[in-house]
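This report refers to the structure that appears directly beneath it.
2 protein chains.
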Amino acid sequence: MQTLDAAFSALADPTRRAILARLTQGEATVLDLAKPFDMTQPAISRHLKVLETAGLITRRIEGTKRPCSLAPSAISEIDRWLDMLRQALERNYDRLDTVLAEMKENEEGTKT
Amino acid sequence: MQTLDAAFSALADPTRRAILARLTQGEATVLDLAKPFDMTQPAISRHLKVLETAGLITRRIEGTKRPCSLAPSAISEIDRWLDMLRQALERNYDRLDTVLAEMKENEEGTKT
DNA sequence: CTTGTATATAATTAGATCGTTATATAACAT
DNA sequence: ATGTTATATAACGATCTAATTATATACAAG
Chain H
275 MQTLDAAFSA LADPTRRAIL ARLTQGEATV LDLAKPFDMT QPAISRHLKV
325 LETAGLITRR IEGTKRPCSL APSAISEIDR WLDMLRQALE RNYDRLDTVL
375 AEMKENEEGT KT
Chain C
275 MQTLDAAFSA LADPTRRAIL ARLTQGEATV LDLAKPFDMT QPAISRHLKV
325 LETAGLITRR IEGTKRPCSL APSAISEIDR WLDMLRQALE RNYDRLDTVL
375 AEMKENEEGT KT
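As structure tokens, then:
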């Protein structure tokens, strides 16, 4: 899915993750978001566009400002995809548990 | 964190996600993994290296084969990070609920 | 209507990424 | 030893990314 492409690659950049982290505190304008970074405003604008295209943020229009906030849609798609991996890992883990349990049983058996 | 950089950017590629999906079915060799793709073996080897570096897979050595399997570590780091966003979104959602509830209350109040 | 503020867009450049082909390594089978 | 199989690595070209500077748009304030 190309949504996942966009979402994951948006999340791959530390600046963009920092922006999202900042947005967990609530809405912020472009300049607000740019402030903490040693980076020009156009650079931040591009990052925001990437995040928006990926469905990770939305923007309101308020006069000359464009306050950004977190959007839920892309996250939930990512979650759905990761669930597949999580479940597989859980299955493997259960299997490992079984193996370990069997090993222990055998050991006990051998001991006496 | 650079683990997150590597993990998210590894997941950004559809071929690599397909490889991971395949690995949810269990261990597979490089050639096994290459088969479904219209792509040369070296290309797949590189993808596997990316996944391994990102901590998403591990490889055993078995004679001349290198069977790959899913690794849990990177996933759990991703999960921890995404939790931050999830929680923020949940808070926003709750707040929205409150707002809607208040709107409804006001409406009721105005009606009579 | 002019000035300043908030943001977006375009052109450019440097570096990363993804694929290819050709080749190396290393184990296994004869 | 020799050929074959499984995989890795190197060199290369095409495309993408992320930053910069310069400039455009558009609202808001005097």
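As they're listed, the protein sequences go chains H and C. Sequential numbering of the first sequence, starting at 275, is according to our numbering. Sequential numbering of the second sequence, starting at 275, is according to our numbering. Ideal Cβ placement from N, Cα and C applies to all residues, glycine included.
How would you list, in chain order, the residues of chain C whose beta-carbon sits under 8 Å from the beta-carbon of residue i?
i	result
residue 295 (chain H)	358
Give me the residue from the options with the minimum Cα distance to residue i.
i	options	result
residue 297 (chain C)	H:372, H:380, H:363	H:363
residue 282 (chain H)	H:380, H:350, H:309, H:365	H:350
residue 318 (chain H)	H:345, H:335, H:340	H:340
residue 225 (chain C)	C:372, C:380, C:369, C:292	Given that chain C is displayed from residue 275 to residue 386, the structure contains no residue 225 (chain C) and the question cannot be resolved.
residue 280 (chain C)	C:303, C:305, C:314, C:322	C:322
residue 324 (chain H)	H:306, H:368, H:294	H:294
residue 343 (chain H)	H:284, H:333, H:328	H:333
residue 277 (chain C)	H:275, H:276, H:287	H:287
residue 390 (chain H)	H:372, H:369, H:302, H:345	Within the shown structure, residues of chain H are numbered from 275 to 386, placing residue 390 (chain H) beyond reach of any answer.
residue 352 (chain H)	H:372, H:368, H:369, H:328	H:328
residue 358 (chain H)	C:315, C:346, C:312	C:346
Check the Cβ of residue i against every Cβ in chain H and list those closer than 9 Å, keeping chain order.
i	result
residue 278 (chain C)	285, 286, 288, 291
So residue i contacts chain C; which residues on that side make the cut at Cβ distance below 7 Å?
i	result
residue 363 (chain H)	344, 346, 349
Buried or exposed for residue i, going by 16 or more other Cβ atoms inside 10 Å?
i	result
residue 300 (chain H)	exposed
residue 348 (chain C)	buried
residue 365 (chain H)	exposed
residue 305 (chain H)	exposed
residue 290 (chain C)	buried
List the residues of chain H that residue i touches, going by C-beta distances under 8 Å, in chain order.
i	result
residue 352 (chain C)	356
residue 380 (chain C)	Near residue 380 (chain C) there are no residues of chain H at all, since even the closest Cβ is about 22 Å away, more than 8 Å.
Which residues of chain H have a Cβ atom closer than 7 Å to the Cβ of residue i, listed in chain order?
i	result
residue 298 (chain C)	358, 359, 362
With H, G and I counted as helix, E and B as strand and the rest as coil, what does DSSP make of residue i?
i	result
residue 333 (chain C)	strand
residue 328 (chain C)	coil
residue 286 (chain C)	coil
residue 362 (chain C)	helix
residue 309 (chain C)	coil
residue 292 (chain C)	helix
residue 345 (chain C)	coil
- Message: Which residues of the stretch 280-292 of chain C have a Cβ closer than 9 Å to any Cβ of chain H? Give them in chain order.
- Response: 280, 281, 282, 283, 284, 285, 286, 287, 288, 291
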